[in-house]
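For the sequence shown, position 246 matches number 290 in the numbering used here, and the numbering has no gaps at all.
From the three backbone atoms N, C-alpha and C, an ideal C-beta is built for every residue, glycine too.
On a predicted model such as this, the values are computed, not experimentally measured, just so you know.
One structure below.
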Amino acid sequence: MQSLNEIRSAFLGYFEKNDHLIIPSAPLVPQNDPTLLFVNAGMVPFKNYFTGAETPPSPRAASSQKSVRAGGKHNDLDNVGYTARHHTFFEMLGNFSFGDYFKAGAIEHAWTLLTKEFKIPAEKLCVTVYHTDDEAAELWKKIAGLPDEKIIRIATNDNFWSMGDTGPCGPCSEIFYDHGPHIAGGPPGSPDEDGDRFVEIWNLVFMQFEQFADGTRRDLPKPQIDTGMGLERIAAVLQGVHDNYDIDLFRTLIAASKELVGGGSNGPSHRVIADHL
Ligand code: SER
45 MQSLNEIRSA FLGYFEKNDH LIIPSAPLVP QNDPTLLFVN AGMVPFKNYF
95 TGAETPPSPR AASSQKSVRA GGKHNDLDNV GYTARHHTFF EMLGNFSFGD
145 YFKAGAIEHA WTLLTKEFKI PAEKLCVTVY HTDDEAAELW KKIAGLPDEK
195 IIRIATNDNF WSMGDTGPCG PCSEIFYDHG PHIAGGPPGS PDEDGDRFVE
245 IWNLVFMQFE QFADGTRRDL PKPQIDTGMG LERIAAVLQG VHDNYDIDLF
295 RTLIAASKEL VGGGSNGPSH RVIADHL
């Protein structure tokens, strides 16, 4: 079994081998961004590279960024403890292209890493694209050989990613892992999509616009790539468990928390404590 630490290293190693500069996680408190209280995605420390305000140190980068989603636009607080896949604090694995490769490169890298390096069976994966994004749908067919029914078109904001009320944004394509029919839940876009059966493991954002507070939007200087994969979610897949709280990291924390209070069920409380720790 690969540990959480080994999975993080394998992700960064793959992108380093493919000419990405590995950038250490930034602190959780944004250093130069008054629009956010906490870093909530891997791309936040790179916002000025996307908008063109600063020059990136390399056209390609990868990181494992500490992130908090406990308020604001991306808020998972109320789900924590009750689902298999939500955390207030987690690490987001990501690869970034600052005007270098675009949709084809992002899809190629994600598919190769998941199916060749991590050896996840292709049959367990399906993807979503923004409903008007024919180009991404075609690329998934061509690069991954996915049939039409595994390329699901979504018309909502689930497939149009924005960092907050302002900042870089664009259509996105999400990759889902099917944990199997014994878990309740339906595929993305279905009425029971919020169940834990089909879990989004990786989001590929095709950054094309910058959103401003007055509601206007302008094209970014160049199309760019921002991807984010929850380290704890991919660890659950690769460790053969369904629930993020059963991965190596959380098992230890939950065992310690139970020992301290003299037992208890697997209910939400220990998971909440482990999440906050
Ligand atoms: N920014 C996107 C997300 O948070 C991809 O990293 O999902």
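How long is the line joining the alpha carbons of residue i and residue j, rounded to whole angstroms?
{"i": "residue 78", "j": "residue 95", "result": "16 Å"}
{"i": "residue 110", "j": "residue 76", "result": "16 Å"}
{"i": "residue 160", "j": "residue 281", "result": "15 Å"}
{"i": "residue 215", "j": "residue 297", "result": "37 Å"}
{"i": "residue 223", "j": "residue 291", "result": "15 Å"}
{"i": "residue 55", "j": "residue 213", "result": "24 Å"}
{"i": "residue 199", "j": "residue 175", "result": "5 Å"}
{"i": "residue 150", "j": "residue 270", "result": "9 Å"}
{"i": "residue 57", "j": "residue 254", "result": "31 Å"}
{"i": "residue 52", "j": "residue 260", "result": "38 Å"}
{"i": "residue 194", "j": "residue 167", "result": "9 Å"}
{"i": "residue 125", "j": "residue 275", "result": "17 Å"}
{"i": "residue 283", "j": "residue 293", "result": "11 Å"}
{"i": "residue 300", "j": "residue 91", "result": "38 Å"}
{"i": "residue 127", "j": "residue 137", "result": "21 Å"}
Thinking just about the alpha-carbon of each residue, which of the options is nearest to the one in residue i?
{"i": "residue 141", "options": "299, 218, 101 and 256", "result": "101"}
{"i": "residue 239", "options": "248, 229, 245 and 177", "result": "229"}
{"i": "residue 131", "options": "277, 172, 295 and 156", "result": "277"}
{"i": "residue 233", "options": "173, 92, 305 and 166", "result": "173"}
{"i": "residue 252", "options": "147, 219 and 50", "result": "147"}
{"i": "residue 49", "options": "90, 92 and 279", "result": "279"}
{"i": "residue 327", "options": "203, 92, 61 and 74", "result": "A question about residue 327 goes unanswered here, because the residues of the chain that appear run from 45 up to 321."}
{"i": "residue 196", "options": "267, 231 and 262", "result": "231"}
{"i": "residue 217", "options": "154, 45 and 92", "result": "154"}
{"i": "residue 88", "options": "74, 250 and 192", "result": "74"}
With hydrogens ignored, establish whether the beta-carbon of residue i is closer than 8 Å to any heavy atom of the ligand SER.
{"i": "residue 86", "result": "yes"}
{"i": "residue 270", "result": "yes"}
{"i": "residue 118", "result": "yes"}
{"i": "residue 247", "result": "yes"}
{"i": "residue 138", "result": "yes"}
{"i": "residue 207", "result": "yes"}
{"i": "residue 216", "result": "yes"}
Who are the near neighbours of residue i in its chain, counting only those whose CB is closer than 8 Å to its CB and skipping five residues on each side?
{"i": "residue 69", "result": "107, 108, 109, 110 and 135"}
{"i": "residue 112", "result": "72, 82, 83, 84, 132 and 133"}
Taking 7 Å as the limit between beta carbons, can you name the residues of its chain near residue i, skipping five residues before and five after?
{"i": "residue 129", "result": "240, 243, 277 and 288"}
{"i": "residue 210", "result": "79, 255, 256 and 257"}
{"i": "residue 190", "result": "171 and 184"}
{"i": "residue 179", "result": "147"}
If I measure Cβ to Cβ from residue i and keep anything under 6 Å in the same chain, skipping five residues before and after, which residues do I get?
{"i": "residue 123", "result": "130"}
{"i": "residue 63", "result": "104"}
{"i": "residue 66", "result": "56, 60 and 106"}
Contained alpha helix (DSSP H) runs [length at least 4] in the stretch 253 to 292, N- to C-terminal order | 275 to 282
What are the complete beta strand (DSSP E) segments, minimum 3 residues, inside the stretch 121 to 160?
-> 133 to 141
Runs of beta strand (DSSP E) wholly within the stretch 198 to 228 (minimum 3 residues, chain order) = 204 to 206 and 211 to 222
Would you mind listing the alpha helix (DSSP H) stretches within the stretch 87 to 118 that are 4+ residues and don't spill past its ends, in chain order?
-> 91 to 95
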